[in-house]
Amino acid sequence: MSLIQLSIGIFFIYAISLCVYRLYLSPLSAIPGPKIAALTYWYEFYFDGWLGGKYIFKIKEFHEKYGPIVRINPHHVHINDVEFYDTIYAPGGTKHPRNKIRWMAMDLDNMFDTFDAALHRKRRAAVASPFSKQSVRALEPAISDIIDQIIGRLEDVAGTGSVLGIHSIWNSLTQEVIGQYCFGASKMSDLREGGDDAQFMQPDHVVENVHSWGRMFPWIFDIIAKIPMNILGLLDARLLGAEKFNKEIGDQIMKVLETDQPHVGNKNVFHEMRDSKHLPPEDKRFSYYQSEAGSFVGAGTETTASALTTLTYFVLENPEVLRKLREELRTVMPRGQKELPPTSTLESLPYLTGVIQEGIRLSFSVPSRLPRTAPTEELVYNGYKLPPGTVLSESSYLLHIDEKVFPEPFEFKPERWINDTDHTVRRQFVAFSRGARGCIGINLAYAELYAVVAAVFSRLELKLFETSRYDVQFASEGFIAYRPKDSKGLAGVKYLTFRPGWDIKGYIANYSKATRVKLLGNYFPTYTTFELGDHVLPQAIEEPLQLPQQQPSSTHEVIVVLEGVHLSIDGNIDTGSRSHELISYHRISKPDEVRDRIQCASIVIATQTFITSESLGEAPYLKCIITPTAGINHIDVEECRRRGVKVAKCTGSTSLAVPDHALSLYFAARRKTVLLHNDIRTIDEEKRNSWKRQHNISTKLQTANGHPPCSIDEEVIGIIGYGCIGKRLSVLCQGLGMEVMVSERKGVAPSDRVGNGSVIRHHFRDVIERATVLFICCTSNVETKHMIDAEELNTMRPEAVIVNVSRGNILNTDAAVKALRKGLISGVAVDVFDNEPASSVEDSAFLAEDTKDLNITFSPHVGYFSSKTIITMKTMVKTHIKNFVAGDFDDFIV
1276 MSLIQLSIGI FFIYAISLCV YRLYLSPLSA IPGPKIAALT YWYEFYFDGW
1326 LGGKYIFKIK EFHEKYGPIV RINPHHVHIN DVEFYDTIYA PGGTKHPRNK
1376 IRWMAMDLDN MFDTFDAALH RKRRAAVASP FSKQSVRALE PAISDIIDQI
1426 IGRLEDVAGT GSVLGIHSIW NSLTQEVIGQ YCFGASKMSD LREGGDDAQF
1476 MQPDHVVENV HSWGRMFPWI FDIIAKIPMN ILGLLDARLL GAEKFNKEIG
1526 DQIMKVLETD QPHVGNKNVF HEMRDSKHLP PEDKRFSYYQ SEAGSFVGAG
1576 TETTASALTT LTYFVLENPE VLRKLREELR TVMPRGQKEL PPTSTLESLP
1626 YLTGVIQEGI RLSFSVPSRL PRTAPTEELV YNGYKLPPGT VLSESSYLLH
1676 IDEKVFPEPF EFKPERWIND TDHTVRRQFV AFSRGARGCI GINLAYAELY
1726 AVVAAVFSRL ELKLFETSRY DVQFASEGFI AYRPKDSKGL AGVKYLTFRP
1776 GWDIKGYIAN YSKATRVKLL GNYFPTYTTF ELGDHVLPQA IEEPLQLPQQ
1826 QPSSTHEVIV VLEGVHLSID GNIDTGSRSH ELISYHRISK PDEVRDRIQC
1876 ASIVIATQTF ITSESLGEAP YLKCIITPTA GINHIDVEEC RRRGVKVAKC
1926 TGSTSLAVPD HALSLYFAAR RKTVLLHNDI RTIDEEKRNS WKRQHNISTK
1976 LQTANGHPPC SIDEEVIGII GYGCIGKRLS VLCQGLGMEV MVSERKGVAP
2026 SDRVGNGSVI RHHFRDVIER ATVLFICCTS NVETKHMIDA EELNTMRPEA
2076 VIVNVSRGNI LNTDAAVKAL RKGLISGVAV DVFDNEPASS VEDSAFLAED
2126 TKDLNITFSP HVGYFSSKTI ITMKTMVKTH IKNFVAGDFD DFIV
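When the letters of the sequence shown are read in order and numbered with the numbering used here, they come out as residues 1276 to 2169.
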């Protein structure tokens, strides 16, 4: 037998013996779990090393199949039971130290990676004081200043086209805080200078894979440590940033070490370490301080930033959560107060606390298995004996998604923390671990979270943009949690305005599609255009906030007119036995003004201002909203109904003026008045002289099919929407000798109905196909949005003209422009736009530069305006107020 054959034989005997031992003779052989996991480490490596941090999800499957205790590799037992958590992670810290091989195998020279329990205790004691709750409280002003720096960064880049990411912003903030804490200097991320130093701290899958491979091959870290940084930088450029970061840390530490004298005054962490009696003398050296600094900054940055990112997504995803959060914040932060309350005050707010706890829970910041061993004692769990030396661990991820404690575990429900009367939820929460090895920065993390959440969601209007839960979900672990590799991350904020009640500069914001936020615009010292959701509010002069002389009560009404520019009301209002006072504003121009101006109102008169659920949530006295118009799409009617707020509209108030205006638009479009006017006045000499050269340019009046325009008695009028305006139009058109067709609702079979006399309803399709003039005067809702689209335009007559005096989104303007270009219709006239006030193609396709030669006529939503309309509106509004006070709600829609 050759030496090779003998070696192969010995190897196979060893391998078979090892398999038999691990499966049947090992003290852990009775522990439930898959045989292949008990047999070899390669099974764990396949999921963690090859697939990249996926073994945690396999362990979850093991527990679902085998129960709360499973064997996940030959020497490692994983338990999913919070009642046994304190047994593994013993509060004393000496009984069950970390298992060095299965931990991270990095053996770094800092407290976090110290395996010897006695040495760890000394190193922790040296920094216990600066991380205590009392010391953190002293840092609260610095945290507030850093939040202002974040806002300053946004101010600086507005209008420059620069791009910021939400997660990067939170990374910058948390780095800045830990930098102040460790070194007493703001040098970590260059917030105001626009630097990108925070970039290297963001989680990267390269680091994740190195961590996972290190579990299987501990020597890999020794190899990496010997590779020059410029070579490692080729794998990931952010490692070069880390090198720069380490140098900056070193510079800061050197300043601390420059003097041997004890530091007095405002101590930072490294002053405490240098002066500590607990830290062994051999640890008071530059290399230890630098390693410790890297540990503090790394731990204090990503985990808190991850919780903030997750929290931001879920709060913005759920308007009801946002509304409740802001309502509670208002109890300790009255409008106009910029200064944050103390953390102790914020911690007393139950809903805010629930929001923060859910954000931490669902961020799964450190989901990794944290292995421990019991070197000398035998432990017993559920009858299973765990001999000395057994590697044990639990995962916060699995504990935080336990459906018995967290029903619908992946849903964001702050209420679960408020209703936790028996502390079951809190016992299950182990995000910061426990015992002597628990997170030393827990007090600092909570101080940051409370301050940031309170400040951001009080000052900023945010909206998600092209972001889904997939972008923030936990996908893999490499000690910390990683998001999907193809995720865009938290994809910006589509609309962002700083709330002017805080005296913060305002911006119009637009955003990019990935994890970045692109800010456009500049600071305006007076009121200007702001975006509220999809709606833009008009310009106005600056007006101070008016406070009532007396709060609303059962005997006193406070009536607030939001837009006196549209409808001014005198104080001669019949409120019966109740007293009243009238507050009138010229116009609303900023989103926050709506909330400010209705917060003390019992009755609000709103012409065009959007009254949202959020505004309603901050108006505790509000009992009635009256709109002088016939449309109510600017009022959240369902939220009013839920809150018991009465709503009335002035149906028919514009029924005389709008039909008159609609006819004027029809005549202008049919006779192409605007096009001819512009041709004569144009600076284009060729066009201007065409009349002079040709003597007759009547051919410009031809319809799309080349025919002369229809005369009045040839027109077939189609009316969509047979309310007060539609009925009035019908009478006027018939009086002019036109044929009138009243459309049935789209998709509804036609039938006879009674309006002002008997009127025959025609099928919607027939009206579209026969009408030479189509008047749109129906209400705007989900069903009528883009009611007139490419399909309808393709079937219309080529001489047809469309007149829209309803709402801009009922007619698809992009499709209408295409139809005009193709000659499918002859003209369009509108008094309404998709977004108002309209000034660019972003507000309406009709305003594009290349539509000037198309037969498009528009007016700026003034169709309602006439002396009789204003008189009618005033009368109807006063009547509604009188009826409301009297308890007569027959004419109210809610």
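Cβ atoms here follow ideal geometry from the backbone N, Cα and C, with glycine treated the same way.
8 Å Cβ cutoff met for Ile1306 and Val1357: Locating residue 1306 in the sequence shown gives position 31, counting from the first residue. Locating residue 1357 in the sequence shown gives position 82, counting from the first residue. Against a cut-off of 8 Å, the Cβ pair of Val1357 and Ile1306 comes out as no contact.
Straight-line gap, Val1295 to Glu1319 (C-alpha atoms, nearest Å): Here the question's residue 1295 lines up with position 20 in the sequence shown. Here the question's residue 1319 lines up with position 44 in the sequence shown. Taking the straight line joining both Cα atoms gives about 19 Å.
Delimiting residues of the beta strand (DSSP E) encompassing Glu1856: Residue 1856 sits at position 581 when you count from the first residue of the sequence shown. Residues 1854-1859.
C-alpha gap between Met1476 and Gln1450, whole angstroms: Start at 1 with the first residue of the sequence shown, and residue 1476 comes out as number 201. Start at 1 with the first residue of the sequence shown, and residue 1450 comes out as number 175. Here Met1476 scores only 42 on pLDDT, less than 50, and its place in the model should not be relied on; the value that follows carries that caveat. Roughly 9 Å separates the two Cα atoms.
Exposure label - Thr2059; buried when at least 16 CB within 10 Å: Residue numbering aside, residue 2059 sits at position 784 when the sequence shown is read from its first letter. So Thr2059 counts as buried.
Close-in-space but distant-in-sequence residues of the same chain around Val1539 (CB under 8 Å, 5 per side omitted): As a working mapping, residue 1539 is identified with position 264 in the sequence shown. Caution is warranted here: a pLDDT of 45 is assigned to Val1539, below 50, making its placement in the model unreliable, and the coordinate value is therefore given only provisionally. So the list is empty, once near-sequence residues are dropped.
Proximity below 8 Å, CB of Gly1996 to CB of Thr2054: For the purposes of this step, residue 1996 is identified with residue 721 of the sequence shown, where counting begins at 1. For the purposes of this step, residue 2054 is identified with residue 779 of the sequence shown, where counting begins at 1. Yes; because the gap between Cβ atoms is below 8 Å, this pair is in contact.
Proximity of Val2078 and Glu1990 at Cβ, strictly below 8 Å: Position 803 of the sequence shown, counted from the first residue, corresponds to residue 2078. Position 715 of the sequence shown, counted from the first residue, corresponds to residue 1990. Their beta carbons are not under 8 Å apart, which means Val2078 does not touch Glu1990 by this criterion.
Through-space distance from Thr1628 to Val1607, alpha-carbon basis: Position 332 of the sequence shown, counted from the start, is the residue given in the question as residue 1607. Position 353 of the sequence shown, counted from the start, is the residue given in the question as residue 1628. The alpha-carbon atoms of Val1607 and Thr1628 are separated by roughly 14 Å.
Span of the alpha helix (DSSP H) around Ala1726: Within the sequence shown, numbered from 1, the residue matching residue 1726 stands at position 451. Element bounds for Ala1726: 1717-1734.
Local Cβ density within 10 Å of Asn1348, reported as buried at 16 or more and exposed below that: Counted from its first residue, the sequence shown places residue 1348 at position 73. Burial call: buried.
Span of the alpha helix (DSSP H) around Gly1927: Taking the first residue of the sequence shown as 1, we reach residue 1927 at position 652. Note, Gly1927: premise wrong, no alpha helix (DSSP H); not H, not E.
Cutoff 8 Å; reference Tyr1588; Cβ partners in own chain excluding five residues on either side: As a working mapping, residue 1588 is identified with position 313 in the sequence shown. Taken in chain order, the residues that qualify are Leu1739, Thr1742, Arg1744, Asp1746, Val1747, Leu1765.
Ile1755 in three-state terms, based on DSSP: By one-based count along the sequence shown, residue 1755 stands at place 480. Note: Ile1755 maps to strand in three-state DSSP.
Inter-residue Cα distance where the pair is Ile1693 and Thr1699: For this step, residue 1693 is matched to residue 418 along the sequence shown. For this step, residue 1699 is matched to residue 424 along the sequence shown. Those two C-alpha atoms are separated by around 12 Å.
Alpha helix (DSSP H) segment containing Thr1576, residue limits: Counting from one through the sequence shown, the residue named residue 1576 turns up at place 301. Run containing Thr1576: 1561-1592, per the alpha helix (DSSP H) assignment.
8 Å CB neighbourhood of Glu1889 in its chain, flanking five on each side removed: Here residue 1889 refers to the residue found at position 614 when the sequence shown is read from its first residue. The answer, listed in chain order, is Pro1594, Leu1597, Arg1598, Arg1601, Arg1870.
Distance between Leu1897 and Leu2004 (C-alpha atoms, nearest Å): As a working note, residue 2004 is residue 729 in the sequence shown. As a working note, residue 1897 is residue 622 in the sequence shown. Rounded to the nearest angstrom, the two C-alpha atoms are 37 Å apart.
Neighbour-count burial assignment, Met1529, 16 or more Cβ in a 10 Å radius: Along the sequence shown, read from residue 1 onward, the residue named residue 1529 stands at position 254. Exposed: under 16 other Cβ atoms inside 10 Å.
Where Val1596 sits in the DSSP three-state scheme: By one-based count along the sequence shown, residue 1596 stands at place 321. Helix.
DSSP-derived helix/strand/coil call for Gly2102: As a first step, residue 2102 is located in the sequence shown; it is residue number 827 there, counting from the start. Three-state DSSP puts Gly2102 in a strand.
First through last residue of the beta strand (DSSP E) which encompasses Ser2018: Position 743 of the sequence shown, counted from the first residue, corresponds to residue 2018. Where Ser2018 is concerned, the enclosing beta strand (DSSP E) stretches over 2014-2018.
Runs of beta strand (DSSP E) wholly within the segment 1611-1638 (minimum 3 residues, chain order): none
Ala2065 and Asn2087 closer than 8 Å at C-beta: Along the sequence shown, read from residue 1 onward, the residue named residue 2065 stands at position 790. Along the sequence shown, read from residue 1 onward, the residue named residue 2087 stands at position 812. Against a cut-off of 8 Å, the Cβ pair of Asn2087 and Ala2065 comes out as a contact.
Counted within 10 angstroms of its Cβ, other Cβ atoms place Val1655 as buried (16 or more) or exposed: In the sequence shown, residue 1655 corresponds to position 380, counting from 1. Under this definition Val1655 is an exposed residue.
Alpha-carbon spacing of Gln1424 relative to Asn1657, whole angstroms: Locating residue 1424 in the sequence shown gives position 149, counting from the first residue. Locating residue 1657 in the sequence shown gives position 382, counting from the first residue. The straight-line gap from Cα to Cα measures roughly 53 Å.
Rounded straight-line distance, which links the Cα of Pro1663 to that of Pro1650: Taking the first residue of the sequence shown as 1, we reach residue 1650 at position 375. Taking the first residue of the sequence shown as 1, we reach residue 1663 at position 388. If you take the alpha carbons of Pro1650 and Pro1663, they lie about 5 Å apart.
Residue burial classification, Lys2097 (beta-carbon count within 10 angstroms, cutoff 16): On the sequence shown, residue 2097 is found 822 positions in, with the first residue counted as 1. Looking at its Cβ environment, which holds fewer than 16 other Cβ atoms inside 10 Å, Lys2097 is exposed.
Coarse secondary structure for Glu1451, derived from DSSP in three states: Within the sequence shown, residue 1451 is the residue found at index 176, counting from 1. Correct three-state label for Glu1451: helix.
Three-state class that DSSP yields for Arg1549 in the structure shown: Position 274 of the sequence shown, counting from 1, holds the residue named residue 1549. It is helical.
When Ser1562, Arg1946, Ser1623, Leu1735 are compared against Asp1867, the one with the closest alpha-carbon: For the purposes of this step, residue 1867 is taken as residue 592 along the sequence shown, with counting starting at 1. Closest by alpha carbon: Leu1735.
Contact between the segment 1308-1324 and the segment 1283-1290 (3+ Cβ pairs under 8 Å): no
Pairwise C-alpha distance: Gly1753 and Gly1436: Start at 1 with the first residue of the sequence shown, and residue 1436 comes out as number 161. Start at 1 with the first residue of the sequence shown, and residue 1753 comes out as number 478. Caution applies to Gly1436, whose pLDDT of 43 falls short of 50 and renders its modelled position unreliable; the model cannot decide the point.
Coil, strand or helix - Val2160 by DSSP: Here residue 2160 refers to the residue found at position 885 when the sequence shown is read from its first residue. DSSP places Val2160 in helix when its eight states are reduced to three.
Through-space distance from Ile2051 to Phe2167, alpha-carbon basis: Indexing the sequence shown from 1 puts residue 2167 at position 892. Indexing the sequence shown from 1 puts residue 2051 at position 776. If I take the Cα positions, the gap works out to 25 Å.
Thr1882 CB to nearest heavy atom of the ligand ADP below 7 Å: You won't find the ligand ADP in this model; it holds no ligand whatsoever.
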